[in-house]
Amino acid sequence: MSYFDFDALHIDDRKMNEAKQLGLQLAPTQASLLVVGEAGVGKTSLARYIYTKSRSPRLYILECKNPYGFDFSKIDGGTLLIEDLDCASAAIQTELMKLAERNDGTRPRFISTSRRDLRAMVKQEQFRQDLFYKVAVIHLEVPRLEDRNNDFQKIVSFILEVSQIMHGRSGLHFSADAYARLAGWNWPGNIRELENVIERAVILARNQTIGIESIQFEAVTEEIATDFAPGMSLSEVEKRLILQTLELTAQNRTRAAQMLGISIRTLRNKLNEYKEEGVA
């Protein structure tokens, strides 16, 4: 699903509204935009929405996690939506820099998404500084779902409506205790997780009322990789889980500590250990 009608959905959250309004203001321009935020918050949805409000004649989409088969030579102006720019390999960064330096009228407008801090990646020499200045002129921050209390009920209603259309259902609504369970969850996977939970609830619903038994949460969000092998030491499992959670939260230590159920002090001490090992 992962698409929101930003025109139909009235946004009350201040940060989200600021990102939307700035995006609308800059949509008709050629300004390079970088949409940042945690995994699952709706960065790509906002980026696509901005494109629809632009005057760009065509849209190219580059998925940096899976760039295979993408032909840079076919780009002829328009807009290039770069998903997960923070995952771009050195080779992809080189190709993007070549695009940014075109002066023959075929240079595209860049709208990118990232869940990691590209400035920090530049300092760590994981991302090209010259490319950063080309593609990250204006930053738009999408807040996490847990911080959008004023919008939560409207987002739930929107996803419920779309899920019903997808699965041929109609007239469904949540019971009071089912909605309370949704509202009480901290949503580590953000809107993407909420979509998953509501879609499953729509499928499982036996009648018009979605009860609490249909609200099921995954123990571990799919964004955290499950590359733990038998025989791996407990300390190695712990290290991988901590580093993957930090990546999921765009290096937000407070948020990562909350998800891991540890104190920020414990997390800081662990990271200092990994830094001494040359890992973090």
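Under my numbering, residues 43 to 322 are what the sequence shown spells out, in order. Where is the CB? At the ideal position from N, CA and C, for every residue including glycine. Note that the coordinates shown come from a computational prediction; the quantities given were computed from them, not determined experimentally.
Taken atom to atom, the span from the alpha-carbon of N249 to that of L214 is near 8 Å. Put simply, of K176, Q171, G231, A89 the residue whose alpha carbon is nearest the alpha carbon of R297 is G231.
Taking all protein chains in view, the Cβ of R310 is surrounded by fewer than 16 other Cβ atoms within 10 Å, so the residue is classified as exposed. Per DSSP, the beta bridge partners of R151 are T121. Ranked by Cα distance from L66, the first of T86, S96, P185, I197 is S96.
Taking C-alpha positions only, I53 is separated from I284 by approximately 33 Å. V244 places its beta carbon less than 8 Å from that of Q206. Relative to S277, the option among T148, Y316, I254, I180 whose CA is nearest is Y316. Here the alpha carbons of D118 and R144 stand approximately 10 Å from one another. Secondary structure at E203: helix, using DSSP grouped into helix, strand and coil.
Taking a C-beta distance under 8 Å as the contact criterion, D55 and P185 qualify as a contact pair. Here R190 is buried: its Cβ has 16 or more other Cβ atoms, across all protein chains shown, within 10 Å. Contact between the region 132-143 and the region 107-115 is present: three or more C-beta pairs spanning the two stretches fall below 8 Å. Residue burial is scored here from C-beta neighbours: Y93 has at least 16 other C-beta atoms within 10 angstroms and is therefore classed as buried.
Take the alpha-carbon of K281 and the one of P99: they are about 46 Å apart. Residue pairing of I252 in beta bridges, as defined by DSSP: F216. In the DSSP assignment, the residues bridged to I103 are L123. Comparing alpha carbon positions, the residue from I233, T308, L68 closest to G84 is I233. Close CB contacts of Y91 within its chain, under the 6 Å cut and outside five residues either way in sequence, are with F48 (chain order).
E183 has V78 as its beta-bridge partners, per DSSP. Annotated as proximal: L104 and E125, with beta-carbon spacing under 8 Å. Separation of I306 and T148 (C-alpha to C-alpha, rounded to the nearest whole angstrom) is 48 Å. Around the Cβ of R161, a 10 Å sphere holds fewer than 16 other Cβ atoms; the residue is exposed.
Annotation: the continuous alpha helix (DSSP H) that includes F174 extends over 171-177. Using a Cβ distance threshold of 8 Å, L224 and I257 count as a contacting pair. For N228, there is no enclosing alpha helix (DSSP H), since its DSSP letter is neither H nor E. The secondary-structure analysis by DSSP pairs S156 across a beta bridge with V78.
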